[in-house]
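First the structure, in the form of structure tokens, and then the observations on it.
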Amino acid sequence: MLLKFEGKVMELNGSGRAAEAATIDFFENGGYSSIPEKGPLSCLTVPGLVHAWGELTRYASMDLSDLLDPAIKFAERGVPLNKKYVESISASIKSLGAYDNWRKLFTPDGKVPEPGFILKQKELAESLKLIASKGVQTFYNGELAEKISRGVKEAGGLLDSEDLKNHASTWNNPISTDYRGTKIYETSPNSQAATVLLWLNMLERYDLSEIANKQDEVQGLLVETCLKAYAERAKWIADPSFVPFPSEFVSKEHAMEVLDSTENWSRSKIPSDDRGDTTYFAVADRDGNCVSMIQSNYMGFGSGIVPRGTGLVLHNRGTYFSLDRSHHNSLAPMKRTFHTLCASLGDRSGETLFALGTMGGDIQPQVQVQLLTKVLDFGVDLQKAISAPRWIMPSTIYEQQSTIFFEKGLVPSQRIPGHLKIKQLGGLSSLAGHANAVYFAREGIFGAADPRCDGAAVGV
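All residue numbers for the sequence shown refer to the numbering used here, where the first residue is 408 and numbers rise by one.
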């Protein structure tokens, strides 16, 4: 999360660390070649979001209890499920239906609900009430922590009460670069967002505005530089407490070295699958104070583990760890995994320009750069930029890109490298990620929401 308050930009990293018992030896001795994507062994990192709420309220004008009140009421009274939510439940039944608490929560009548069904989550409401009345520490060292650790232990997982008790969010100085006169801030590692800054620094060699009418050339240049930026992403980004992040990574000099390099990289191919369940929101006021906030349960409903009596579905972000001891993102106790979440903030001459974020797993830097170049190089309105068709190349840090997808209305460039398979999407697609933003103009504050998802721009 990025926060700008009274002119100062700050970063809050709420991501959780791996359990003390989460070791490569544990999984190898159990016969695993990779960390399970679902179930009790997949929820191996501490849920950090609730602690981050507490940190963020330092700058809030309302108490946490008041902020949680609407969520408590929605959980108690229920909300009607839309078509996408129902489709998500239906898609998850095969992998998560074996976990009783998850199945009872999301298929209360023993079957996938129809759109419009009122889903009530009374146990979740009670958990939120505990947080509202006793503070966020109940989640980590109190009544709620006891329920969570007991539930994970009953399911056969690794997280325990000490892991929860030892968790803390961290305040960092966000990383940044200057691009065409705009200072772009991004969330620092273990987030992948440094990729955006490296990529923008490479693009500064070119005057994109001069080739604005040559979309084949623009697109080809973006794809070529993307491949180089993602190759660097795969080498360096991890938990900086375990693997020091090179200070030069976001420098202009390093960008030119990468741009001029002919080095190729190769890793064993592991099929990428961006089945994320990410939420991004931006909030701003007339004074330029703003929050650029992103969070995720990962892979739809996360691990599928719901500790009894909590209504909380634990995430599975730790499954991105590698069991390869030589890899910089290898699993280790108290380590934060590389994660795909990126939050951005733009500032020009000290004035807030935008707060922007994207959803879509590993493709988030690709969506951000396509939007930022449209807005900052070509002067496109941010809402129009978000609504425009885009291309994506899904790939984790463990593989090279092999396929490039194009939404309808976007013609593949003749400069697309030959090793990439070209696939056309039928229209605007969730595969191309979701983006939302708040931006500032002479006329006031505006919001932009992606037609690919259920986001909305709301003025208060």
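Glycine included, C-beta positions come from ideal geometry on N, C-alpha and C.
Using DSSP bridges, identify the partner residues of ARG755.
Position 348 of the sequence shown, counting from 1, holds the residue named residue 755. Its beta-bridge partners are GLU758.
Three or more beta-carbon pairs under 8 Å between the segment 564 to 581 and the segment 464 to 482, yes or no?
With the cut-off at 8 Å, the segment 564 to 581 and the segment 464 to 482 do not touch.
Jot down the residue ranges of each uninterrupted beta strand (DSSP E) in the segment 587 to 662, minimum 3 residues, whole runs only, in chain order.
Runs of the beta strand (DSSP E) inside the segment 587 to 662: 589 to 593.
When the distance is taken between beta carbons, is SER495 closer than 7 Å to GLY707?
On the sequence shown, position 300 is the one that residue 707 refers to. On the sequence shown, position 88 is the one that residue 495 refers to. Their beta carbons are under 7 Å apart, which means GLY707 touches SER495 by this criterion.
Would you report the Cα separation of LYS830 and PRO647, rounded to the nearest angstrom?
As a working note, residue 830 is residue 423 in the sequence shown. As a working note, residue 647 is residue 240 in the sequence shown. Rounded to the nearest angstrom, the two C-alpha atoms are 36 Å apart.
Could you tell me which residues DSSP pairs with ASP585 in its beta bridges?
Taking the first residue of the sequence shown as 1, we reach residue 585 at position 178. Paired residues: LYS590.
Who are the Cβ neighbours of TYR687 in its own chain at under 6 Å, not counting the five residues just before and after it?
Residue mapping note: residue 687 aligns to position 280 of the sequence shown, counting from 1. Answer for TYR687: ILE701, GLY764, MET766 and ASN843, listed in chain order.
Tell me which residues share the same chain as VAL657 and place their Cβ nearer than 8 Å to its Cβ, disregarding the 5 neighbours each side in the sequence.
For the purposes of this step, residue 657 is taken as residue 250 along the sequence shown, with counting starting at 1. For VAL657, where only same-chain residues beyond five positions count, the Cβ hits under 8 Å are ILE582, SER583, THR584, ALA601, LEU604, LEU605 and ASN608.
Pop quiz: PHE785 and ALA619 are said to be a contact at Cβ under 8 Å. What is the actual Cβ separation, rounded to whole angstroms?
Start at 1 with the first residue of the sequence shown, and residue 785 comes out as number 378. Start at 1 with the first residue of the sequence shown, and residue 619 comes out as number 212. Their Cβ separation, rounded to whole angstroms, is 5 Å, which keeps PHE785 and ALA619 in contact under 8 Å.
Counting C-beta neighbours from all protein chains within 10 Å, is the total for GLU880 16 or more, i.e. buried, or is it exposed?
Not covered by the structure: residue 880. The range shown for the chain is 408 to 867.
With a Cβ-Cβ cutoff of 7 Å, do ALA739 and VAL845 count as a contact?
Looking up residue 739 in the sequence shown gives position 332. Looking up residue 845 in the sequence shown gives position 438. Taking 7 Å as the Cβ cut-off, ALA739 and VAL845 do not qualify as a contacting pair.
Please check the pair GLY423 and THR464, which I expect to be a contact at CB under 8 Å, by giving their CB distance rounded to whole angstroms.
As a first step, residue 423 is located in the sequence shown; it is residue number 16 there, counting from the start. As a first step, residue 464 is located in the sequence shown; it is residue number 57 there, counting from the start. Actually they do not touch by this definition, with Cβ atoms about 19 Å apart.
Can you confirm whether the segment 537 to 557 touches the segment 619 to 638 when touching is taken to mean that 3 or more C-beta pairs between the two stretches lie within less than 8 Å?
Because the criterion of three Cβ pairs below 8 Å is not met, the segment 619 to 638 and the segment 537 to 557 do not touch.
Please report how far the alpha carbon of THR717 lies from the alpha carbon of GLY825, in whole angstroms.
For the purposes of this step, residue 717 is taken as residue 310 along the sequence shown, with counting starting at 1. For the purposes of this step, residue 825 is taken as residue 418 along the sequence shown, with counting starting at 1. Whole-angstrom Cα-Cα distance: 51 Å.
Return the chain-ordered ranges of every alpha helix (DSSP H) run that is complete within the segment 459 to 501 and spans a minimum of 4 residues.
For the segment 459 to 501, whole alpha helix (DSSP H) runs of length 4 or above, ordered along the chain, are 471 to 484.
Look up GLY718 in the DSSP assignment and give the residues it is bridged to.
For the purposes of this step, residue 718 is taken as residue 311 along the sequence shown, with counting starting at 1. In the DSSP output, where bridge partners are listed per residue, GLY718 has none listed.
What is the DSSP secondary structure of VAL457, counted as helix, strand or coil?
Counted from its first residue, the sequence shown places residue 457 at position 50. Correct three-state label for VAL457: helix.
PHE524 to LEU629, Cα distance in whole Å?
Taking the first residue of the sequence shown as position 1, residue 524 is located at position 117. Taking the first residue of the sequence shown as position 1, residue 629 is located at position 222. Straight-line Cα distance between these residues: approximately 44 Å.
Can you list, in chain order, the residues of its chain with a C-beta nearer than 7 Å to that of ASP857? Leave out the 5 residues immediately preceding and following it.
Counting from 1 along the sequence shown, the entry for residue 857 is found at position 450. Contacts found: ILE793, HIS841, ALA842 and ASN843.
Tell me whether ILE804 sits in a helix, a strand or coil according to DSSP, three-state version.
Against the sequence shown, residue 804 aligns to sequence position 397. If DSSP states are grouped into helix, strand and coil, ILE804 belongs with coil.
Taking just the CA atoms, how far does THR803 sit from ALA645?
In the sequence shown, the residue the question calls residue 645 occupies position 238. In the sequence shown, the residue the question calls residue 803 occupies position 396. Going by the C-alpha atoms only, they are around 13 Å apart.
So for GLU530, helix, strand or coil by DSSP?
Reading the sequence shown from its first residue, position 123 is the one you call residue 530. Correct three-state label for GLU530: helix.
According to DSSP, is ALA689 part of a helix, a strand, or is it coil?
By 1-based counting over the sequence shown, the position of residue 689 is 282. Looking at ALA689 - three-state DSSP - the assignment turns out to be strand.
DSSP on GLY816, reduced to helix/strand/coil?
As a position in the sequence shown, residue 816 is number 409, starting the count at 1. Of the three classes helix, strand and coil, the one that applies to GLY816 here is coil, per DSSP.
Of the choices LYS501, LEU488, GLU850 and THR726, whose alpha-carbon is the least far from that of LYS527?
Position 120 of the sequence shown, counted from the first residue, corresponds to residue 527. The candidate whose alpha carbon is nearest that of LYS527 is LEU488.
How many Å lie between GLY627 and LEU615 at the Cα?
Start at 1 with the first residue of the sequence shown, and residue 627 comes out as number 220. Start at 1 with the first residue of the sequence shown, and residue 615 comes out as number 208. The alpha-carbon atoms of GLY627 and LEU615 are separated by roughly 12 Å.
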